[in-house]
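Here the sequence shown stands for residues 1 to 75, numbered as in full-length UniProt numbering.
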Amino acid sequence: MGAQPKRKISKGRRNRRRAQDALDTPPMSKCPKCGKVKRPHFECAFCGHYGEVKNSAKAAAGKSDSDSQKKINAK
């Protein structure tokens, strides 16, 4: 035999307990470089901007050094 509740939990008590389980929407801000919506203190998912720090992986995603070297060598 398992344990049984001594009393019925009222709807109000149940709902007050469950009120803590709701998820809040994360705060959002605008990227100063591209103007898209991003989370504060995170790098921009679109342009890679994060304050004064430059994320070279996102900025150079479209262009790589080997591609530019191939174009120079082809001429």
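Note that beta-carbon positions come from the ideal geometry of N, C-alpha and C, so glycine has one too. All figures in this text were calculated on a predicted structure; none of them were measured in a lab.
- Inter-residue distance for Arg39 and Gln20 is about 23 Å (C-alpha atoms, whole angstroms).
- Around the CB of Gly48, 16 or more other CB atoms lie within 10 Å, so the residue is classed as buried.
- Lys11 sits in a helix when the DSSP states are folded into three classes.
- Taken atom to atom, the span from the alpha-carbon of Lys11 to that of Thr25 is near 26 Å.
- Nearest C-alpha to Lys33 among Leu23, Lys6, Cys44: Cys44.
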